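Working notes, structure below.
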Amino acid sequence: MGHLLEIKGLRVEYRSDESIVKAVNGVSFSLDKGTVIGLVGETGAGKTTTALGIMRLLPAMTGRITGGEIMFKGEDLLKKPPGDMRAVRGAMISMIFQDPMTSLNPVVSVGDQIRESLEIHSVDSRSGSAMDAKVDELLELVNIPSRRKKEYPHQFSGGMRQRVGIAMALACEPELLIADEPTTALDVTIQAQVLELMRGLKDKLETSMIMITHDLGVVAEICDRVAIMYAGEVVEQGSVRDIFESERHHPYTEGLFGAIPSLAAASRRLAPIDGLMPDPTDLPIGCKFAERCKYREAVCGHTAPGADAEGHAIACHRFAGKRHGAD
Amino acid sequence: MGRYVLKRVLLVVPTLLAIIFIVFGIMSLTPNNPAAVMLGPRASADAVAKLNSELGYDKPMLARYVDYVMNLARGDMGKSYNSRREVFKEITLRFPTTVKLATVSILVAVVIGVPLGVFAAVRQYSVFDVTGTAAAMFMASMPGFWFGMMAILLFSLKLGLLPSYGSKTPAHLILPSLTLAIPVAATIMRFTRTTMLETIRQDYVRTARAKGQTEGRVIINHALKNALLPVVTVAGMEFGWLLGGAVVIETLFSINGVGKLIIDSIHKKDVPQVTGCALFLAFFFMLVMLAVDILYAYIDPRIKARYQR
Chain B
0 MGHLLEIKGL
10 RVEYRSDESI
20 VKAVNGVSFS
30 LDKGTVIGLV
40 GETGAGKTTT
50 ALGIMRLLPA
60 MTGRITGGEI
70 MFKGEDLLKK
80 PPGDMRAVRG
90 AMISMIFQDP
100 MTSLNPVVSV
110 GDQIRESLEI
120 HSVDSRSGSA
130 MDAKVDELLE
140 LVNIPSRRKK
150 EYPHQFSGGM
160 RQRVGIAMAL
170 ACEPELLIAD
180 EPTTALDVTI
190 QAQVLELMRG
200 LKDKLETSMI
210 MITHDLGVVA
220 EICDRVAIMY
230 AGEVVEQGSV
240 RDIFESERHH
250 PYTEGLFGAI
260 PSLAAASRRL
270 APIDGLMPDP
280 TDLPIGCKFA
290 ERCKYREAVC
300 GHTAPGADAE
310 GHAIACHRFA
320 GKRHGAD
Chain P
0 MGRYVLKRVL
10 LVVPTLLAII
20 FIVFGIMSLT
30 PNNPAAVMLG
40 PRASADAVAK
50 LNSELGYDKP
60 MLARYVDYVM
70 NLARGDMGKS
80 YNSRREVFKE
90 ITLRFPTTVK
100 LATVSILVAV
110 VIGVPLGVFA
120 AVRQYSVFDV
130 TGTAAAMFMA
140 SMPGFWFGMM
150 AILLFSLKLG
160 LLPSYGSKTP
170 AHLILPSLTL
180 AIPVAATIMR
190 FTRTTMLETI
200 RQDYVRTARA
210 KGQTEGRVII
220 NHALKNALLP
230 VVTVAGMEFG
240 WLLGGAVVIE
250 TLFSINGVGK
260 LIIDSIHKKD
270 VPQVTGCALF
280 LAFFFMLVML
290 AVDILYAYID
300 PRIKARYQR
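Protein sequences, first through last, are from chains B and P.
The numbering of the first sequence is numbering that gives the first Met the number 0, which starts it at 0 and goes up by one.
The numbering of the second sequence is numbering that gives the first Met the number 0, which starts it at 0 and goes up by one.
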């Protein structure tokens, strides 16, 4: 049985006159129907770029996919002509964007923006009134009174706008939903609401999701699998249990957990990871994390560690050659 | 919205008073003797003084200003020194021609400028964009009368296709309105390109693509609708200028419009006629700007919301 989505060795670059930014460097992971994978990592790790790569919505002037495959339901999205790709976007794969304040069109009413998706993909030739009913239903689904559909984005709060974004993304009942830090721009209380909503949708509609976040709390809340990204690579991936309960971790994952405040620990200081992510225009040949790694060995400087995309996989020389099953 | 419009209309009154004052000021700063111009060089000094006093021209500038405003309040713009006819009549006789010219020109300019600007933005740095932008720069910088003279030379004298003076038939309006439209189209094109470059990079445009929308609809329904606001402002301003600023082109093509009337009246020191024309054009300029502001509210719901409060 194939996966719903399988990404193999995805590479993305941003080219400008001065430099080439290697944003995604051989990312592989897969996702099954009805499951949620979390893409975790700090800013600049390549999470959003990976997502835009899947949608093929990278900035046209600079972004280039330079390698890899994105198999969706057995077909490589990267080989699809633009017209076929448009039929996938919004209908089969849709995306919730990071900043609800800027990702809605300010001069189109929210109802019309939701309806737009339905109109584009109206393969079942829905009638106008059926579409109106569907818009109402979607708004109610995200807890917005449907009588407000004639209003414009500026009349809604940030949390409500994000929910409009979610309604928009869900309009055509996509099989895969990519949520790019859907809660980052929101207040903590609203974050909980939006997460609760998304978890409910996952249960109700059985939508598969890619949840991009830098918040491990969000991961624990909603994800089945987790891929930890660093400098455009997946350094560790596994089930939520693998990531939260296993003893074995990539040094970077260890660092991430060390940087979370704990109520139980006696220490009052957090343990940040020293140093910075390497310059994406000039990446090291060996392990990208070597510079900041406390377990660094000679081999790390010249050979990049590899890892599988199945089970609990860690891209680190310390664990080389050992498969870590679902421990 | 209604209250806002009312407020704007009421603001027209003080603005017009200020304009009258400025015109009076300028006219009395220039060496000026309307009776001498009217009676000709051989008139006696007595006759000139007598006529000037009849016209009220011996009074100080401020007194004439007050008189003028009082008459205006009664709907009287005075009589032209030159033709001895009602100033208002002289203007309304010529205004339709000017309006026709300005309207055709702005429509042509928008129809050419907006699509070219959109296309240049969508294909940024392409050959079309680079040559188009350079050409627009040239068109916007060259004086309009030069285009006018070149057009007369080519289409009227050499090819004999179009008439070069007057405004009798629609064909008469082709050359002057194109001449007026070229620099305006260039300005609108450059402006549209700039604002489009900004909006096509907005997040909501990416959102529209993420829905699977076609590129054409993304550009028109999402990017252009947001880019339109500044473009409408520029087009409105240009239309206002065309209404009053066609002076050179009307003279070049011998079109009997308000612009030409102003020039002729200035030559003849016809103070009431100049003041009347300035007033009339200023009033229409303000009307156009008001219309632009109201149009805003229809394009952008955020602005409408601000008015409603």
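Just so it is clear, CB atoms sit at the ideal spot from N, CA and C, and this is done for glycine as well.
As the structure is a prediction and not an experimental result, all values here were calculated from the model.
- Just so you know, the alpha carbons of Met94(B) and Ala290(P) end up roughly 40 angstroms apart.
- Nearest to Met285(P) by C-alpha distance, out of Lys157(P), Ala185(P), Val11(P), is Val11(P).
- Below 8 angstroms, too few C-beta pairs join the region 150-166 of chain P and the region 189-209 of chain P to call them touching: fewer than three.
- Straight-line spacing of the CA atoms in Asp292(P) and Leu16(P) works out to 22 angstroms.
- In summary, Ser207(B) is buried, with 16 or more beta-carbon neighbours lying within 10 Å of its beta-carbon over all protein chains present.
- Linking Pro181(B) to Val231(P) through their CA atoms gives a straight-line distance of about 35 angstroms.
- The C-alpha of Pro283(B) lies about 16 angstroms from the C-alpha of Arg10(B).
- Two segments are said to touch when three or more pairs of C-beta atoms, one from each, lie closer than 8 angstroms; by this definition the region 211-224 of chain B touches the region 32-52 of chain B.
- Here Ile254(P) is not near Val273(P), since their CB atoms are 9 angstroms or more apart.
- In the DSSP annotation of this structure, Gly62(B) is not part of any alpha helix (DSSP H); the continuous beta strand (DSSP E) holding it starts and ends at 62-71.
- Under DSSP, Ala226(B) takes part in a beta bridge, and its partners are Leu38(B), Gln236(B).
- Here Ile19(P) is not near Tyr56(P), since their CB atoms are 9 angstroms or more apart.
- Arg88(B) has Ile92(B) as its beta-bridge partners, per DSSP.
- Setting aside the 5 residues that flank it on each side, Met228(B) is surrounded in the same chain by Val26, Leu38, Val39, Gly40, Ala44, Gly45, Lys46, Thr49, Val234, each with a C-beta closer than 8 angstroms to its C-beta; the list follows chain order.
- Below the 8 angstroms Cβ cutoff, chain P contributes Asp202 as neighbours of Asp98(B), in chain order.
- In terms of Cβ geometry, Glu68(B) and Gly8(B) form a close pair [threshold 9 angstroms].
- When C-alpha distances from Ala120(P) are compared across Pro59(P), Gly143(P), Thr191(P), Trp145(P), the shortest belongs to Thr191(P).
- Considered as a whole, the region 90-165 of chain B harbours 109-119, 127-140 as its complete alpha helix (DSSP H) runs of no fewer than 4 residues, in chain order.
- Looking at the backbone, the Cα of Ile199(P) and that of Ala222(P) are separated by about 5 angstroms.
- Chain order gives no chain P residues near Leu77(B), where near means a beta carbon separation below 9 angstroms; the closest approach is about 17 angstroms.
- Lys157(P) has a beta carbon lying at 9 angstroms or more from every beta carbon in chain B.
- Taking each of Met26(P), Met141(P), Gly24(P), Ile218(P) in turn and checking the Cα distance to Ala184(P), the smallest one comes out for Met141(P).
- Nearest to Leu71(P) by alpha-carbon distance, out of Lys303(P), Pro229(P), Tyr297(P), Pro271(P), is Pro271(P).
- Counting only runs of at least 4 residues, the region 82-131 of chain P fully encloses the following alpha helix (DSSP H) elements, listed from N- to C-terminal order: 86-121.
- Of all C-beta pairs linking the region 161-172 of chain B to the region 101-119 of chain B, three or more are shorter than 8 angstroms, placing the two stretches in contact.
- The beta carbon of Met94(B) falls within 9 angstroms of a beta carbon belonging to chain P, placing the residue at that interface.
- Approximately 7 angstroms separates the beta-carbon atoms of Arg55(B) and Leu76(B); this is inside 8 angstroms, confirming the contact.
- Among the residues facing chain P, Leu138(B) is not included, as its CB has no counterpart in that chain under 9 angstroms away.
- When DSSP states are grouped into helix, strand and coil, Lys203(B) belongs to the helix group.
- Each residue's CA atom was taken as its position, placing Lys88(P) and Met60(B) some 59 angstroms apart.
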